[in-house]
Amino acid sequence: MIEVNHVYKQYRKAVNVVEDVSFSVRKGQIFGLLGPNGAGKTTLMQMIATLLFPTRGTITVCGLNTSTQEREIRKNIGFLTSEVKLDPFSTPDKLFDFFGDLYQLDRAAIAAKKEESFERFGIGPFAGKKIMELSTGMKQKISIAISLIHNPPVVIFDEPTNGLDILTAHQVTDYLRELGASGHAVLLSTHIFSVAEALCDELAIIVDGRIVAQGSVLDLKENTGTDSFENAFFKLYSEHHKE
Amino acid sequence: MLRVIWAIAGRSFSRGTHFKTKVSRLTAVSCVLFILTCFFYMSGFVYERFIGSDDESGSILDRETVLIVNAPESLDNFVDEAVSGVFTNVDTVRLETNAYYDFISINEALRENEAYMAIVFSTDFDEVVFSSNQTSRPQIITYFETSNAGFKNQHDEFMVTFTEEYGNYLVSEKGAAVSEYEPFQLINNETEFLSDEDSGQYFLSVISKMVIPLVIFIAVLYSAMESGVAAVAGEKEKGTFAAILLTPVSRMQIVLGSVLGVFLHTLIPCAILIPLLTIGFGFIEVGSIISVVAITMLLCFLLSALIITISIMNKSTLSAQTSFLPVFLILLVVCVIAMQEKGTPAAVYFFLPFYGHYHGISASLNGDYSLIYFLSLVATSLISSVILIFASTRLLRMEQFTTTNDSASDFWEKLELAKLSNPKKNYVSFPKANIFDYRPTRRRGTFAMLMYHFSLPLFLISLLQPIALLVPLIYYLRSEASTKFIESIGSMVSSMQIGNIASAVMGLFNLLMQDQVFILAMSLCYVIIIAVYIFIVKKIEKNPLSTIGMPLHSLPAVKKAAVSYGKGLLLGFCMISGVYLILLLTRQLRPSGIALNMASVPLFLSYILMWIPQGASEEVMLRGYMLPRVGAKFGRGAAVGLTSLLFGLLHAGNVGFSLIALINLILIAVFFALLACHTQEIFTVCAAHTAWNFAQGNLFGMHVSGAAGAANVLDTRYSESSLDWLTGGSFGPEGGLAVSIITIIALLILLLCRHRISNEKLPG
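Those sequence lines, one after another, are chains W and C. Using my numbering, the first residue of the first sequence is number 1, and each one after it goes up by one. Using my numbering, the first residue of the second sequence is number 1001, and each one after it goes up by one.
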C-alpha cells in the first residue's frame, strides 16, 4: 500500500534530513519507524502524507504518486501527528461535521461515523464541550477518530501514544492492532520500545535520516546478536550515529 | 465544491479572534483615535461654518468689481483716452504686487475687494510690449471665480472686448500693422471661492469626501486584518491548518473558502456603518446608497484576497499582522491623498484599486458617479482579486508556506546552535575607543557598519517625519485653509526649479512650523525615535542605557543627569547668546521689540515641548548610539568625524544650505561629540542642543537650520546692510561665520580643558 523508493529530503539545499530511505508497507501490516528525536521520522511521514515533497525519489500510496496525485492520496490516508492540532474553540461535534464536509461525506455517513467513534472512544459526554476544556488523552482520541473519519485504507500515525497515560495509551494501541487486523495498512512512528515491540509486524530503525536496520523484532535481535530489543537498538544507534 | 468552501468560510466565524495580539489592540486603538480626530476636526469645521462664522463679506452673487493688478501705464492711457467703453460699466480696483503669480494673495485680494475677477499684468509689461525688437509676448493672467457660473460668462464677455480693444490700442500705439502680431498672451485661471450660501452643500461634500469613505475604509481594513490574519496564519499558529491541508480539498478551495470567510466578516461592520453614516448624514438617495454598498463590497473582496495572501505567507497572527501593517498604513495614506483631491479626478483614478474605491464612494454620495466608472472599477477589482487568489493558491503549494513541521524548525535551530558554538563567532572585542563603556558583541564588516549607522537615522527620520506631517494634513483638510494650504504648496513647487524639490519640501516644513498641531506631532515623532534607539540598545543589543551615554540606573545617576542637563542648557544658551551678540555688535540684526503675545503662548509652549525631544533625538542617534559603536571599530577620531559628517548631511536638504552651513554644522557636531566623550554622557549635549535651538529660534527669533519658527519672544530681522556670509541668510546663523567663531572658541576651550584635566590625572 505504501512504497517508499530511495527518498531524500533536504531543507534549502542543506544537509539531508532523510537520506536514501526505502521500505514498503503491505495491506494489513503494522509497520513501525523507530528512532530518536530528530532522526527524520516525522519528515518522512509528512512526505508520505503529501504535506512535504521528496527532494529525490518517489513515494506511492495505493499506487498513486505523492508528488502528482496528492488529492487522490489524501482521500486514502488518515494521518495523525502531534503537530496537527484541533481547533481549541470548536467542539468534537462541530469538528466531525467540519471534516465530514471537507471529505465530502454525506450527512448520514457523518452521523453514523460520529456515533460509532463517540461510542468507541467514549467521546459522547464531551461532544458539546470546547476542545480546550478537554484532557490531553481525550483530545488525542478525538484526533484519531477524526483522522479516520473517511475510513481510509492507509493509516499513518506519528507517535500516537505520546504524552498519554497508560490507560489511554493502551486504548490507542488496541485500536491500532484492530485496524491492522481489519486490513488497513498502518505506518507508525514511535520512540517507545514497548509499543514498537508489542505492536509492529515489521520495524525500521532510523538514525540520522537513514534506515540502519529493518525487519521484525526477532530479526533485529538476531542480526545484532543482542538479547533484548532495547539493546539491539542501542547497538545499532552507537554504530551508525555520526557525531 | 461549494460545500467545502462554505465549511472553510464558516470557520472564520467559529473562532474567537478579537484582540489576540498587541498589534491588533494597538491598531484598534489608533484606528479609533484616527476616526475621533477626524470627527473632532469636523466638529470644529461645523462650528466655524454655522455658529462661529462672522464673515461679513458681501454676497458673491452680485459682484461686479474687477481687480487690476500691476496696471501698466499703457492701460491708464487706454482708459484715459476713452478709446473704448470697456471699463465704463464696471468698478475697478488697482493693486500693485511683486508676486503677480501668487494665487493665494490674488485670491485673498479678490475676496477683500469683493471682486469677481482679476486681471494681472507682469511688472515689465509696457517695457516688453514697446521694446523695438520684441521677441516674447508679455502675459496677462486673469483669475475668476468658478463658484458662480455667471462669473465665467461675465469674465469671458469682458475679456473678449478687452483683449480686442486693448490689443488694437497697443498695436496702434506701437505703430505696427494690426495683422502682424498679437501684443500679449492671455492666460485664464479659475479660482474657487465659497460663498456662505454654498456652505451647507460644502459641508455635505466634505462629509462625503472625508468622513464616510474614510470610516468605511478603516472599518473594512481593520476587520479584514482581524479575521484574515486569524484565517490561515492563525490556523498555522494553532496547528490546525495541517488538518485542513491533509483533507482532499484543493488548495484553490482552501483559498476561496478563507477569502469568503474574511469577506463575510468585513461585511459585518459595513452593514452597521453604511446605513448609519449615509442616512445619518442625510444621503437618502437609494441609488447612491446601493452604489456605495456595491463599491464597499468590491473593496471588501479585494482586501480579503489581499489579506489572505499575506496570511498565507506568515506563520503566526503576529507576524501576519506585522506584515499587513505597512499595507494598512499605505492604504490610509491612499485615503488621505484621495481626500485631498480637488474636484473630479482624472478618469484613470477611478480604475485604480483602493483609490478608485475611495473616489467611488465619495462620488456616488455626491451623485456624480457614472456607470462606466463603476463597471471599470468592478473589472479592476475583480481582476486584482483573482490575481491575488491565484497567487495565494500557488503559495499554498509551496512547502515553505504549508509546513508546520517542527523537525524543519528544529533543523534551523541546530544550525543556529552550531553557529553559536563556532569559536570564530565568539567575538571577543577590544574596542579601539572606549566611549560610554560600550563593548561590541558582534563583529560587523566595515561596509555593513557604515551602511547601518548612516542609514538608520536617515530611515527613521524619513519614515517618521512624513507620519508627523499627516496630522496637520488632516487638520488642513477642512474649510478654505485646505485650498490655501494646497495652493501654497503648489505655488511653492511651481516657483522652484526641479532641482530644488528638497528646498520646496523644507519650505512646506517652514509653513507648518507655525502650526501647533504639527509641532506637537513632530515632538511625538522625536520621542518615538528616542524610544526606537532605547529599544535597540535594551532589547536587541541587550546593553545598558549607559552605552548610549544615558546612565539612569540609580537615583544618584539620575540626579547627576539632571545637573548635567542644567549645565548643558546654560552652555547652549551662552553659546547662542554669543552668536546673537556678535551679530548685534556688527549691526547685522535689527531687533524690533517683543513679539510674543498672549495668543501665541500655547504655540510657544509647544515649541519648548518640541525642542526637548528634538535635540535629544539627534544626540541619541549620533552622539549616543553611533559614536561609541563606530568608535569601537574605527577609533575615536574617525567616529567623531563620521558622526559629524552625518550630522551635516542630515541638514543638507534644509532651506539656504551652503558650504559655510555644512562646515559650521560639522564644527558644532565635533564640539558636541568631543563634549560627550569628555563628560561620558549625553545629557549635557542633549540640553545644549535643545537650548541652542530654542534660544536661537524662539528667544531671538532667528532661523534654525533653515527652519523659521513662530511665536518668538524677540522679533529680529536682518538689517538692510546684513551680510549673508556672516548671518547665514535664510539658513539662520548656523550658515554664517558668527557661529563658526563661537564654535571654534568653544572647541578651543574644550580642548584646553581636556588637556588640563588629562595632565592633572597624570601621576607626578
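For each residue, glycine too, the CB sits at the ideal point set by N, CA and C. Remember, predicted model here, so these are calculated numbers, not experimental data.
> Since valine 1004 of chain C meets chain W, which of its residues come closer than 8 Å, beta carbon to beta carbon?
Replying inline: Near valine 1004 of chain C (Cβ distances below 8 Å), the residues of chain W are Asp101, Leu102 and Gln104.
>> DSSP three-state label for isoleucine 1218 of chain C, please.
In response: Of the three classes helix, strand and coil, the one that applies to isoleucine 1218 of chain C here is helix, per DSSP.
> Which one of W:Leu188, W:Pro125 and W:Asn223 has the shortest CA to CA distance from aspartate 93 of chain W?
Replying inline: Of the candidates W:Leu188, W:Pro125 and W:Asn223, W:Pro125 places its Cα closest to the Cα of aspartate 93 of chain W.
>> For serine 1740 of chain C, count the other beta carbons within 10 Å of its own beta carbon; 16 or more makes it buried, fewer makes it exposed. Which is it?
In response: That one is buried.
>> Can you find the residues in the same chain that come closer than 7 Å, C-beta to C-beta, to valine 1215 of chain C, ignoring five residues on each side of it along the sequence?
In response: The residues Ile1035, Leu1273 and Leu1277, in chain order, have a CB closer than 7 Å to that of valine 1215 of chain C in the same chain once the five nearest residues on each side in sequence are set aside.
> At a Cβ threshold of 8 Å, is serine 159 of chain W touching chain C?
Replying inline: With the sequence shown as reference, residue 159 of chain W is identified as glutamate, and serine is not the correct amino acid for it. For glutamate 159 of chain W, the answer is no, since every Cβ of chain C falls outside 8 Å of its Cβ.
> Checking contacts by CB at 8 Å: is arginine 74 of chain W closer than that to chain C?
Replying inline: Answer yes: the Cβ-Cβ gap between arginine 74 of chain W and chain C drops below 8 Å somewhere.
> Is lysine 1315 of chain C close to chain W, meaning its C-beta is less than 8 Å from at least one C-beta of that chain?
Replying inline: Cβ-Cβ to chain W under 8 Å: no for lysine 1315 of chain C.
>> Is the beta carbon of valine 61 of chain W closer than 8 Å to that of valine 155 of chain W?
In response: Not closer than 8 Å, so no.
>> If the criterion is Cβ atoms closer than 8 Å, does the pair glutamate 199 of chain W and threonine 226 of chain W meet it?
In response: The identity of residue 199 of chain W in the sequence shown is leucine, whereas the question assumes glutamate. Not a contact, by the Cβ cut-off of 8 Å.
> CA-CA distance, valine 212 of chain W and serine 238 of chain W?
Replying inline: Rounded to whole angstroms, valine 212 of chain W and serine 238 of chain W show a C-alpha spacing of 11 Å.
> Just reading off the alpha helix (DSSP H) that histidine 1678 of chain C is part of, what are its end residues?
Replying inline: 1659-1679 is the span of the alpha helix (DSSP H), which, as asked, contains histidine 1678 of chain C.
>> If you follow the beta strand (DSSP E) that serine 24 of chain W is in, where does it begin and where does it stop?
In response: Segment 16-25, the beta strand (DSSP E) holding serine 24 of chain W.
> How far does the beta strand (DSSP E) with asparagine 5 of chain W in it reach, from first residue to last?
Replying inline: That run of the beta strand (DSSP E) goes 2-10.
> DSSP on glutamine 1253 of chain C, reduced to helix/strand/coil?
Replying inline: Here glutamine 1253 of chain C sits in helix by DSSP.
> According to DSSP, is methionine 1117 of chain C helix, strand or coil?
Replying inline: Reduced to three states, the DSSP call for methionine 1117 of chain C is strand.
> Based on the DSSP secondary-structure assignment, which residues constitute the bridge partners of serine 189 of chain W?
Replying inline: Note: serine 189 of chain W sits in a beta bridge opposite W:Leu33 and W:Asp158.
>> Using 8 Å as the threshold, is the C-beta distance between alanine 1688 of chain C and glycine 1549 of chain C below it?
In response: Going by C-beta atoms, alanine 1688 of chain C is not nearer than 8 Å to glycine 1549 of chain C.
> Count the other CB atoms within 10 Å of the CB of leucine 236 of chain W; is the residue buried (16 or more) or exposed (fewer)?
Replying inline: When all chains shown are included, leucine 236 of chain W counts as buried.
> Whose C-alpha, out of C:Gly1624, C:Leu1589, C:Asn1698 and C:Leu1674, is nearest the C-alpha of tyrosine 1607 of chain C?
Replying inline: When only C-alpha atoms are compared, the closest one is C:Asn1698.
> Mind checking serine 1407 of chain C: buried by the 16 CB within 10 Å criterion, or exposed?
Replying inline: With a pLDDT of only 46 at serine 1407 of chain C, under 50, the local geometry of the prediction cannot be trusted, and no value is derived from it.
>> Let me make sure I understand the geometry here. Which of C:Phe1328, C:Met1702, C:Glu1114 and C:Ser1131 has the alpha-carbon closest to that of tyrosine 1580 of chain C?
In response: Nearest of C:Phe1328, C:Met1702, C:Glu1114 and C:Ser1131 to tyrosine 1580 of chain C, Cα basis: C:Met1702.
>> Judging by CA-CA distance, which residue of W:Arg74, W:Met45, W:Lys141 and W:Val21 is the nearest neighbour of glycine 163 of chain W?
In response: When each option's Cα is compared against that of glycine 163 of chain W, the closest is W:Lys141.
>> Alpha carbons only, please: which of C:Trp1692, C:Gly1735, C:Glu1618 and C:Ser1311 is nearest the one belonging to alanine 995 of chain C?
In response: An answer regarding residue 995 of chain C cannot be provided, because it is not within the stretch 1001 to 1764 covered by chain C.
> Under the rule that 16 or more other beta-carbon atoms within 10 Å means buried, what is lysine 114 of chain W, buried or exposed?
Replying inline: Buried, by the Cβ-count rule.
>> Just list the residues that DSSP pairs asparagine 1543 of chain C with in beta bridges.
In response: None; asparagine 1543 of chain C has no bridge partner.
> With 16 as the cutoff for other CB atoms within 10 Å, does serine 135 of chain W come out buried or exposed?
Replying inline: It counts as exposed.
> Can you list the residues of chain C that proline 88 of chain W reaches, using a CB-CB cut of under 8 Å?
Replying inline: Residues of chain C passing the Cβ test: Lys1238.
> In chain W, which residues lie with their C-beta within 9 Å of the C-beta of serine 1014 of chain C?
Replying inline: Within chain W, Asp87, Phe89, Ser90, Lys94 and Phe98 have C-beta atoms less than 9 Å from the C-beta of serine 1014 of chain C, given in sequence order.
> So does the stretch 1226-1234 of chain C actually touch the stretch 1277-1288 of chain C, counting three or more Cβ pairs closer than 8 Å?
Replying inline: Flag = no, the stretch 1226-1234 of chain C and the stretch 1277-1288 of chain C do not touch.
> Any C-beta of chain W sitting closer than 8 Å to the C-beta of glutamate 1399 of chain C?
Replying inline: Interface residue (Cβ-Cβ distance to chain W less than 8 Å): glutamate 1399 of chain C is classified as such.
> Roughly how many angstroms lie between the CA atoms of lysine 1633 of chain C and serine 1719 of chain C, to the nearest whole one?
Replying inline: Lysine 1633 of chain C and serine 1719 of chain C: Cα-Cα distance of roughly 48 Å.
> From this set, C:Val1206, C:Ala1109 and C:Val1292, which residue's C-alpha is nearest isoleucine 1474 of chain C's C-alpha?
Replying inline: When each option's Cα is compared against that of isoleucine 1474 of chain C, the closest is C:Val1206.
> Would a C-beta distance cut-off of 8 Å place leucine 1747 of chain C and phenylalanine 1672 of chain C closer than the cut-off?
Replying inline: No. Outside cutoff.
> Quick one, which residues of the stretch 1296-1326 of chain C are near chain D if we go by CB-CB under 8 Å, in chain order?
Replying inline: No chain D appears in this structure, whose protein chains are W and C.
> What three-state label does DSSP hand threonine 168 of chain W in the structure shown?
Replying inline: Of the three classes helix, strand and coil, the one that applies to threonine 168 of chain W here is helix, per DSSP.
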